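**Q** Sharing a structure below in structure tokens format, with a few things to ask.
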Amino acid sequence: MNTGKLHEFVEKLKAENAVWVADVKDARGEVTVTVPRESIAQVCRVLKTEYAFDMLADVCGADRGPEEEPRFEVNYHLFSTVHHSRLRLKVLLSEDEPNVPTVVTIWKAADWHERETYDMFGVIFDGHPDLRRILLPSDFDGHALRKDYPLRGYEPYSLT
Amino acid sequence: MSIAVENIPSKFEVLDQALESQMTLSMGPQHPSTHGVLRLELQLDGELVIKTVPDIGYLHTGMEKLFEYKKYQQGIVITDRMDYLNPLGNNLAYVMAAEKLLDLEIPERAQVIRVMFCELQRIASHMVWLGTHALDIGAMSPFFYAFRQREKILNLIEAASGGRMTPSYFRIGGLMMDLPAGFERRCKQFLEDFPAALDQFETLVTGNTIWQSRTKGIGVITAEEAIDWGLTGPCLRGSGVSLDLRRDNPYSGYETYDFEVPVEPDGDVWARFRVRMRELYESYKIVRQALERLKPGPIKADAPKIVLPDRDDMRKHMDSLIHHFLIVAEGFNVPEGEVYHAIEASKGELGVYMKSNGGPKPDRVHFRGPSFVNLAALPVMSEGEMVADVVAIIGSLDIVLGEIDR
Chain A
1 MNTGKLHEFV EKLKAENAVW VADVKDARGE VTVTVPRESI AQVCRVLKTE YAFDMLADVC
61 GADRGPEEEP RFEVNYHLFS TVHHSRLRLK VLLSEDEPNV PTVVTIWKAA DWHERETYDM
121 FGVIFDGHPD LRRILLPSDF DGHALRKDYP LRGYEPYSLT
Chain B
161 MSIAVENIPS KFEVLDQALE SQMTLSMGPQ HPSTHGVLRL ELQLDGELVI KTVPDIGYLH
221 TGMEKLFEYK KYQQGIVITD RMDYLNPLGN NLAYVMAAEK LLDLEIPERA QVIRVMFCEL
281 QRIASHMVWL GTHALDIGAM SPFFYAFRQR EKILNLIEAA SGGRMTPSYF RIGGLMMDLP
341 AGFERRCKQF LEDFPAALDQ FETLVTGNTI WQSRTKGIGV ITAEEAIDWG LTGPCLRGSG
401 VSLDLRRDNP YSGYETYDFE VPVEPDGDVW ARFRVRMREL YESYKIVRQA LERLKPGPIK
461 ADAPKIVLPD RDDMRKHMDS LIHHFLIVAE GFNVPEGEVY HAIEASKGEL GVYMKSNGGP
521 KPDRVHFRGP SFVNLAALPV MSEGEMVADV VAIIGSLDIV LGEIDR
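Here the protein sequences line up with chains A and B, keeping their order. Just so we're aligned, residue 1 is where the first sequence starts under the numbering used here, counting upward by one. Just so we're aligned, residue 161 is where the second sequence starts under the numbering used here, counting upward by one.
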């Protein structure tokens, strides 16, 4: 895919506010922009209103491992129904303060994606209207997709 | 034993109370029309739905965690079990993400076979949708006719891969094996009969007045809302947005096929129904074109360290045997990086986020299931409708809980 247009967007973003873009990566036809967590909501709003990224395709977390710093990533996959290009925004979070502003106010689609990320990684989306567990039961202990969570859980498996 | 008669409210009093106050109804998780283990918490005023809260997770099996403990080629088997009505679509999304990381080039014949099977699978998936959707609304006979067509496709998939519901036919770098002898004839036979079957569905379902009155104007979602909620696939095209990743972000050579993207403007259950019915014909067209294009050629990429060698090669060549042993025992290393690959599955955009740290097992695999996102928009469509219509709306979303809960 041609990434020329995406770089144009990123350059414009940089010109608007230099703080917004911490890092830009172009690999395998995909552009990844690392955004400081304080400005993610602002960047998303600008991308949606000015650059026609009107659809949030996906939000997913990732754990780099307990000894890494920053430990968590949250990836936002933006899509445009107008020019059909994709952009990935990345926010890096530390284990001590895994908080990031929500983007539910910008795309309603973020609702369940953010709940899933919270459920699996324990990332807290500040301002989310209904941040509950979604896939795992509400009394589940821990966050299953963290690297230090064992594959078979802490307790022996039982059907009763 | 006596009961104080004055303490029991009269039958009519109970009825009056129910009409005046709201009640909460737990629909599911074992309700037949919720298509699996989905629970809806419906707040009702009489029969009017005031609030819908979907409750999911009953089928959660921790697939995304499991991927991190399996080698890349072992992950394909897990994807079969996600959207179990569209396993080949899941295979394709996963395999293509890995191929993107590995930078593999897939030979022409493998691409054509992939496209052909994905479209056959789309028809099979839509057949289940049509059958169960009609069954939910009260038409029983289309179910049998639809499943008869689906059975023919499953037989074709079985002939090629050995599995009906869990084919794992697409592999990283190509296909598991070539098509069996006589496959083209059997596929042609299916294609010859299919347009007549489509006409049959149109007369059975589309022209039915009860069907029309149960679906028209029900569960409306506007184009802006649909995009905001991230709807994709037939649900989005039913709201008048012309978006199809096969045309707009083409992969596997879809740009070379001649097909149309059906769009209906109304955004109701009927519009989503019409989009899928018209899509069936487009898929049929693509399968026919793919079948014409089938030319003999390799079905695996030229990457001996990634793709398993043919059995015949292993008997003759020492290095093939070594590669086979190494791939099975240790897997192959995938270069560091991350990709997001999205395909147009039968239910919408199926995206795979795959992150590699350079080893033989992925660091993170995340699936963006179309059913997951489409179901999130159920409250918007169902609030303000009748309880009986919620069943019709769920049917029109075409959800599979295996993919939602993963």
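For every residue, glycine included, the Cβ atom is placed at its ideal position computed from N, Cα and C. Being a predicted model, the structure only gives us computed values, none of them experimental.
Is A:Val91 closer than 7 Å to A:Arg37 when the C-beta atoms are compared?
**A** Counting from 1 along the first sequence, the entry for residue 37 of chain A is found at position 37. Counting from 1 along the first sequence, the entry for residue 91 of chain A is found at position 91. Contact: yes.
**Q** Identify the continuous alpha helix (DSSP H) that holds B:Arg524 and give its terminal residues.
**A** Numbered from 1 along the second sequence, position 364 holds the residue referred to as residue 524 of chain B. It is not in any alpha helix (DSSP H) - B:Arg524 instead sits in the beta strand (DSSP E) that spans 524-528.
**Q** Within the continuous alpha helix (DSSP H) that includes B:Lys460, where are the two ends?
**A** For the purposes of this step, residue 460 of chain B is taken as the residue at position 300 of the second sequence. Segment: none, B:Lys460 is in no alpha helix (DSSP H) and carries neither H nor E.
**Q** Can you give me the C-alpha to C-alpha distance between B:Asn246 and B:Ala537, rounded to a whole angstrom?
**A** Sequence index remark: in the second sequence, residue 246 of chain B carries index 86 (1-based). Sequence index remark: in the second sequence, residue 537 of chain B carries index 377 (1-based). Those two C-alpha atoms are separated by around 22 Å.
**Q** Hey, is B:Leu264 close to the ligand ADP, as in C-beta under 6 Å from one of its heavy atoms?
**A** Absent from the structure shown: the ligand ADP. Ligands present: none.
**Q** Between B:Ala463 and B:Ile236, what straight-line distance do the alpha-carbon atoms span, to the nearest angstrom?
**A** Position 303 of the second sequence, counted from the start, is the residue given in the question as residue 463 of chain B. Position 76 of the second sequence, counted from the start, is the residue given in the question as residue 236 of chain B. Each residue's Cα considered, the two are about 18 Å apart.
**Q** So, does the CB of A:Arg28 fall closer than 7 Å to a CB anywhere in chain B?
**A** The count along the first sequence starts at 1 and reaches residue 28 of chain A at position 28. Interface residue, yes.
**Q** With distances taken between CB atoms, is the gap from B:Ala552 to B:Ile297 smaller than 7 Å?
**A** Looking up residue 552 of chain B in the second sequence gives position 392. Looking up residue 297 of chain B in the second sequence gives position 137. Going by C-beta atoms, B:Ala552 is nearer than 7 Å to B:Ile297.
**Q** Please state the DSSP three-state secondary structure of B:Ser443.
**A** The residue labelled residue 443 of chain B in the question sits at position 283 within the second sequence. Helix at B:Ser443.
**Q** Let me confirm a value: B:Ile163 is counted as buried when at least 16 other C-beta atoms fall within 10 Å, else exposed. Which label applies?
**A** The residue you call residue 163 of chain B lines up with position 3 of the second sequence. Reliability fails at B:Ile163, whose pLDDT of 48 lies under 50, so the model's placement of it is uncertain and the value that follows must be treated cautiously. Answer is exposed; the Cβ neighbour count stays below 16.
**Q** Could you give the residue range of the beta strand (DSSP E) that holds A:Phe125?
**A** The residue given as residue 125 of chain A occupies position 125 in the first sequence. Where A:Phe125 is concerned, the enclosing beta strand (DSSP E) stretches over 124-126.
**Q** So, for A:Met55: in the same chain, excluding its five sequence neighbours on each side, which residues have a beta-carbon less than 8 Å away from its beta-carbon?
**A** Working through the first sequence from its first residue, we reach residue 55 of chain A at position 55. The answer, listed in chain order, is Leu78, Phe79, Ser80, Thr81, Trp107, Ala109.
**Q** Nearest to A:Asp63 by CA position, among A:Pro137, A:Lys147, A:Leu151, is which residue?
**A** Position 63 of the first sequence, counting from 1, holds the residue named residue 63 of chain A. Measuring from the Cα of A:Asp63, the nearest candidate turns out to be A:Lys147.
**Q** Which of the three DSSP states is assigned to B:Val494 in this structure?
**A** Along the second sequence, read from residue 1 onward, the residue named residue 494 of chain B stands at position 334. B:Val494: coil per DSSP, three-state reduction.
**Q** Alpha carbon to alpha carbon, how far is B:Ala450 from B:Leu405?
**A** Locating residue 450 of chain B in the second sequence gives position 290, where the first residue counts as 1. Locating residue 405 of chain B in the second sequence gives position 245, where the first residue counts as 1. For B:Ala450 and B:Leu405, the distance between alpha carbons rounds to 18 Å.
**Q** Report the partner residues of B:Thr212 according to the DSSP bridge assignment.
**A** Position 52 of the second sequence, counting from 1, holds the residue named residue 212 of chain B. The partner list for B:Thr212 (beta bridge, DSSP) reads B:Leu202.
**Q** Threshold first: 3 residues or longer. Then list the beta strand (DSSP E) segments lying entirely within the region 61-89 of chain A, N to C.
**A** Complete beta strand (DSSP E) runs here, min 3: 72-79.
**Q** Exposed or buried, which one is A:Phe125 when buried takes at least 16 other CB atoms within 10 Å?
**A** Working through the first sequence from its first residue, we reach residue 125 of chain A at position 125. It counts as buried.
**Q** For my contact list, B:Arg346 and B:Ala319 are in at a C-beta cut-off of 8 Å; report their separation, rounded to the angstrom.
**A** Translated into the one-based positions of the second sequence, residue 346 of chain B becomes position 186. Translated into the one-based positions of the second sequence, residue 319 of chain B becomes position 159. Going by Cβ atoms, the distance from B:Arg346 to B:Ala319 rounds to 7 Å, so yes, they are a contact pair.
**Q** From A:Arg152 to B:Val401, what does the alpha carbon distance come to, in whole angstroms?
**A** Working through the first sequence from its first residue, we reach residue 152 of chain A at position 152. Working through the second sequence from its first residue, we reach residue 401 of chain B at position 241. Spanning the two alpha carbons is a distance of roughly 43 Å.
**Q** Going straight from the alpha carbon of B:Arg524 to that of B:His286, what length do you get?
**A** Against the second sequence, residue 524 of chain B aligns to sequence position 364. Against the second sequence, residue 286 of chain B aligns to sequence position 126. Between B:Arg524 and B:His286, the C-alpha separation is close to 31 Å.
**Q** B:Ala505 by DSSP, collapsed to three states: which one?
**A** In the second sequence, the residue the question calls residue 505 of chain B occupies position 345. Here B:Ala505 sits in strand by DSSP.
**Q** Examine chain B for any beta-carbon lying closer than 7 Å to the beta-carbon of A:Leu93, and answer yes or no.
**A** Here residue 93 of chain A is taken as the residue at index 93 of the first sequence, counted from 1. With 7 Å as the cut-off, A:Leu93 does not count as an interface residue toward chain B.
**Q** Just the C-alpha distance for A:Lys140 and B:Lys211, rounded to the nearest angstrom, thanks.
**A** One-based indexing of the first sequence puts residue 140 of chain A at position 140. One-based indexing of the second sequence puts residue 211 of chain B at position 51. For the record, residue 140 of chain A in the displayed sequence is Phe; it is not Lys. So the two alpha carbons sit approximately 26 Å from each other.
**Q** For the candidate residues A:Leu6, A:Ser138, A:Val100, whose alpha-carbon lies nearest to that of A:Cys60?
**A** Position 60 of the first sequence, counting from 1, holds the residue named residue 60 of chain A. Residue A:Val100 is the option with its Cα nearest to A:Cys60.
**Q** Residues of chain A with a CB under 7 Å from the CB of B:Phe532: which are they?
**A** Along the second sequence, one-based indexing puts residue 532 of chain B at 372. Result: Trp112.
**Q** Cα-Cα, which of B:His483, B:Arg436, B:Val272, B:Pro530 is closest to B:Phe361?
**A** Taking the second sequence and counting its residues from 1, the one referred to as residue 361 of chain B is at position 201. Closest option to B:Phe361, Cα to Cα, is B:Arg436.
**Q** So is A:Asn54 in contact with chain B if we call contact Cβ pairs under 7 Å?
**A** One-based indexing of the first sequence puts residue 54 of chain A at position 54. The amino acid occupying residue 54 of chain A in the given sequence is Asp; Asn does not appear at that position. So, interface residue.
**Q** Starting from A:Asp26, follow the beta strand (DSSP E) in both directions and report where the run begins and ends.
**A** Translated into positions along the first sequence, residue 26 of chain A becomes position 26. Counting along the chain, the beta strand (DSSP E) containing A:Asp26 begins and ends at 23-27.
**Q** Quick test of your reading: B:Gly529 and B:Arg566, contact by CB under 8 Å. State the CB separation rounded to the nearest angstrom.
**A** Against the second sequence, residue 529 of chain B aligns to sequence position 369. Against the second sequence, residue 566 of chain B aligns to sequence position 406. Between B:Arg566 and B:Gly529 the Cβ distance is about 7 Å, and since that is below 8 Å, they are a contact.
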